[in-house]
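Q:
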Amino acid sequence: MKRLLRVILSMTLLAVSAIGLVFIVWPRYQELSLLRAQIEASRERLESGQRTLVQLREAEGMVFAHAQDFEKADRAVPKDAGLPVLYEHIQQLGTGSGLALTSIEGLRSGEPINGIAALTFQAELTGSYDGLKSFLDGARRSPRILNVQTLEISSSPQSPGALKIVVELGAYEAP
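Final position of the sequence shown in the numbering used here is 196; the numbers increase by one with none missing.
Here it is in structure tokens:
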């Protein structure tokens with residue numbers, strides 16, 4: 022009888038252990054599996070974020086490497102500079118090249134396209150041929166984009182030996 026009791030007791034303990042495994046250990050194992058999956062997803066997200074950060078740092082380095090080019094573009098098409106600033110720039114170009122600015126007229130040509138407005142103006146200058154060459158060279162080397170559209174040269178009626186120069190220029194601004 023003792024032996025039968027031992028067998029029954031062993032079977033009962035085995036059944037209780039199996040039930041304990043199913044109801045206690047198995048849910049904990051499922052929680053552990055879920056936590057491992059969450060940890061793996063977090064690890065992948067972290068690695069992806071680190072790769073993105075490395076790419077952003079590389080892009081930042083490229084931007085810093087080309088900062089001078091961006092500054093040139095900003096100077097070539099200044100923001101909200103308008104016609105008065107452009108008139109002053111032409112006056113400085115004329116004075117620096119030995120030409121006298123006698124008149125200047127300008128207007129904004131149409132609506133801005135892609136955030137860039139075209140400016141057209143006509144400047145009348147008086148001076149020598151060397152001054153004209155210097156003015157055109159200065160306009161070409163100018164940090165602002167200046168397009169010489171037409172150029173008329175005639176003798177000046179006010180001062181003999183001087184040239185009357187009418188230049189139609191185009192420029193741009195980012196309003």
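All residues carry an ideal CB built from backbone N, CA and C; glycine is no exception.
1. So the alpha helix (DSSP H) Val-75 belongs to, where does it begin and stop?
2. Could you check which residue in Ser-118, Ile-186 and Arg-129 has the C-alpha nearest to that of Ala-160?
3. Please name the residue or residues paired with Thr-147 in a DSSP beta bridge.
4. Report the rounded CA-to-CA distance for Gly-191 versus Ser-177, giving the unit in angstroms.
5. Write down the C-beta distance between Leu-120 and Leu-157 rounded to the nearest angstrom, noting that I regard them as a contact closer than 8 Å.
6. Which same chain residues, not among the five before or five after Glu-173, have their C-beta less than 6 Å away from its C-beta?
7. Can you name the start and end residues of the alpha helix (DSSP H) that Ile-29 belongs to?
8. Mind checking whether Pro-133 and Ala-195 have CB atoms under 9 Å apart?
9. Using the three-state DSSP reduction, which class does Val-115 fall into: helix, strand or coil?
10. Just reading off the beta strand (DSSP E) that Ser-175 is part of, what are its end residues?
11. When the Cα atoms are used, what is the spatial distance from Arg-201 to Arg-66?
12. Using CA coordinates, which residue listed in Gln-51, Gln-143 and Arg-129 is at the minimum distance from Ile-137?
13. Leaving aside the five residues before and after Gln-112 along the sequence, list all residues of the same chain whose C-beta is less than 6 Å from its C-beta, in chain order.
14. Who are the Cβ neighbours of Ser-124 in its own chain at under 7 Å, not counting the five residues just before and after it?
15. Tell me which residues share the same chain as Leu-167 and place their Cβ nearer than 6 Å to its Cβ, disregarding the 5 neighbours each side in the sequence.
16. Mind checking whether Thr-141 and Gln-179 have CB atoms under 9 Å apart?
17. Considering only the beta carbon of each residue, do Arg-64 and Leu-107 sit closer than 9 Å?
A: According to the data block:
1. One-based indexing of the sequence shown puts residue 75 at position 54. Segment 47-86, the alpha helix (DSSP H) holding Val-75.
2. Residue numbering aside, residue 160 sits at position 139 when the sequence shown is read from its first letter. Nearest C-alpha to Ala-160: Ser-118.
3. Mapped onto the sequence shown, residue 147 falls at position 126. Note: Thr-147 sits in a beta bridge opposite Ala-121 and Lys-185.
4. By 1-based counting over the sequence shown, the position of residue 191 is 170. By 1-based counting over the sequence shown, the position of residue 177 is 156. For Gly-191 and Ser-177, the distance between alpha carbons rounds to 24 Å.
5. On the sequence shown, position 99 is the one that residue 120 refers to. On the sequence shown, position 136 is the one that residue 157 refers to. By a beta-carbon distance limit of 8 Å, Leu-120 does not contact Leu-157. Their separation comes to about 10 Å.
6. Translated into the one-based positions of the sequence shown, residue 173 becomes position 152. Around Glu-173: Val-187.
7. Residue numbering aside, residue 29 sits at position 8 when the sequence shown is read from its first letter. For Ile-29, the enclosing alpha helix (DSSP H) covers residues 23-41.
8. Position 112 of the sequence shown, counted from the first residue, corresponds to residue 133. Position 174 of the sequence shown, counted from the first residue, corresponds to residue 195. Taking 9 Å as the Cβ cut-off, Pro-133 and Ala-195 qualify as a contacting pair.
9. Locating residue 115 in the sequence shown gives position 94, counting from the first residue. The identity of residue 115 in the sequence shown is Gly, whereas the question assumes Val. In this structure, Gly-115 counts as helix in the three-state DSSP scheme.
10. Against the sequence shown, residue 175 aligns to sequence position 154. For Ser-175, the enclosing beta strand (DSSP E) starts and ends at 167-176.
11. Because the chain in this structure spans residues 22 to 196, residue 201 falls outside the shown range and cannot be described.
12. The residue labelled residue 137 in the question sits at position 116 within the sequence shown. Selection Gln-51, Gln-143 and Arg-129 evaluated against Ile-137 yields Arg-129 as nearest (Cα-Cα).
13. Position 91 of the sequence shown holds residue 112. Taken in chain order, the residues that qualify are Leu-122.
14. As a first step, residue 124 must be located in the sequence shown, where it is residue number 103. Excluding positions up to five away in sequence, the list reads Glu-145.
15. What you label residue 167 is simply residue 146 of the sequence shown in a count that begins at 1. Excluding its 5 nearest sequence neighbours in each direction, Leu-167 has C-beta neighbours in its own chain below 6 Å: Ala-160, Leu-190 and Ala-192, listed in chain order.
16. What you label residue 141 is simply residue 120 of the sequence shown in a count that begins at 1. What you label residue 179 is simply residue 158 of the sequence shown in a count that begins at 1. Not in contact: Thr-141 and Gln-179 (Cβ atoms no closer than 9 Å).
17. Taking the sequence shown and counting its residues from 1, one reaches residue 64 at position 43. Taking the sequence shown and counting its residues from 1, one reaches residue 107 at position 86. No, Cβ-Cβ distance for Arg-64 and Leu-107 is not below 9 Å.
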